[in-house]
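So the sequence shown is numbered by the numbering used here: it starts at 518 and just counts up by one.
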Amino acid sequence: MAKNAAIPPEKLRALVEAGRLPKPGGGPSAEKRAASAFTALALARAADGSAAACGLSGGDPGYDETAKMVAEAALCLVAEERAELPAAARGGSGVLTPAAALGGVLERRLGGAGLGWEDGYPL
Numbered sequence: 518m519a520k521n522a523a524i525p526p527e528k529l530r531a532l533v534e535a536g537r538l539p540k541p542g543g544g545p546s547a548e549k550r551a552a553s554a555f556t557a558l559a560l561a562r563a564a565d566g567s568a569a570a571c572g573l574s575g576g577d578p579g580y581d582e583t584a585k586m587v588a589e590a591a592l593c594l595v596a597e598e599r600a601e602l603p604a605a606a607r608g609g610s611g612v613l614t615p616a617a618a619l620g621g622v623l624e625r626r627l628g629g630a631g632l633g634w635e636d637g638y639p640l
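The following block contains the structure:
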C-alpha cells in the first residue's frame, strides 16, 4: 500500500520555525525574479551514434517559468489542440513524460508563453 507523500502541516511548521524552510512570502522579490534567467541543454545520442541537442531558456525558473510550464501543460489537455497530442494519436497510453504525451503542442504553447527553444547546437 502506498503511503501519503504529503508532509503533515505540523512538520512543515516546525521546519519553517527552525529556519530550514522559508516563511510564506519569503521567496525572492519580483525584482530578483525579473533579473533571473536559465538555459537548459538536452543532449541525446541514438544507438546508431547520431546525436542531437536542444536548449530551452527563459526567465526565473523557480517561480515564473515553472508556473508557465505547468499551466501550459494543463491547457494542452483541455484546449482545442488536444487531438494533436502524440498520446491521443496513439489512442492513449500509460504513464508518459510531458514531452512524450504533449509533444509539439506543448512546445508551441511554451514558445507562445515566452520560453525560447533552440536546436542545432554543435556537438
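Note that the Cβ used here is the ideal one computed from N, Cα and C, for glycine as well.
Asked                                                                                                                        : Found
Chain-order list of residues whose beta-carbon lies under 6 Å from that of CYS571 (same chain, five-residue window excluded) : ALA559, ASP636
Residue environment, ARG626, which counts as buried when at least 16 other CB atoms sit within 10 Å                          : buried
From GLU597, ALA590, SER610, ALA568, residue whose alpha carbon lies closest to that of TYR638                               : ALA568
Three CB pairs or more closer than 8 Å across the segment 598-605 and the segment 543-554                                    : no
Stretch pair the segment 585-595 + the segment 604-614: three plus CB contacts closer than 8 Å                               : no
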